[in-house]
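Comments concern the structure below.
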Amino acid sequence: MILPEDISTDTDLARRILVRARSIAPCLNSLLDGDDRKLDAIAILKGVIAEVPAPGARRVKSRGRNGTSISYNDPGGAFSDDDIMSLRSLCDVAAVGLPVGSFPKARAFGNEWREGEYS
115 MILPEDISTD TDLARRILVR ARSIAPCLNS LLDGDDRKLD AIAILKGVIA EVPAPGARRV
175 KSRGRNGTSI SYNDPGGAFS DDDIMSLRSL CDVAAVGLPV GSFPKARAFG NEWREGEYS
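Here it is as C-alpha cells:
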C-alpha cells in the first residue's frame, strides 16, 4: 500500500493526490512492498505532486473584482493524460475482446451428435 509519506512531505497534499489516484487506478491499495509496480506508481505520483503549483498566485484559476471571488486550481488537475494512462496500466486487466470466466465443456445432450462437441 502506498502511504502519503512515500510521495511527499506535505501529507495533506499527498492524501488528496492519493485519493484521486485511487479513483483512477483502484489497484493502488493492493500493491505490495517490493513490487516494481509500487515503485512505478510512487514515481508517477511524485511527478504529479511536482506539477501541483504552490499556494499563491500560480494556483489561482480565476479572480473576481467587485464580487471579490477567487477560485483555485484543484490538485487533481495536475494529472496529465499520460499520468492517468500510466496509473491504469499498473492494474491487472483482461485484454480487450478476450472472454472472462469459465464455460462448461459438456452437456447432457452432447452425445446426441456423432460429429462430437461443438467447437
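Using the numbering used here, the letters of the sequence shown correspond one by one to residues 115 to 233.
Just so it is clear, CB atoms sit at the ideal spot from N, CA and C, and this is done for glycine as well.
Distance, residue 146 Cα to residue 193 Cα: Straight-line Cα distance between these residues: approximately 23 Å.
Burial state of residue 122 (16 or more Cβ within 10 Å): By the 10 Å Cβ count, residue 122 comes out buried.
Exposure label - residue 179; buried when at least 16 CB within 10 Å: The residue is exposed, with fewer than 16 neighbouring Cβ atoms inside 10 Å.
Cα-Cα separation, residue 199 to residue 144: Residue 199 and residue 144: Cα-Cα distance of roughly 18 Å.
Beta-carbon spacing of residue 163, residue 131 below 8 Å: Yes. Within cutoff.
Pairwise C-alpha distance: residue 191 and residue 166: In this structure, the alpha-carbon of residue 166 lies about 8 Å from that of residue 191.
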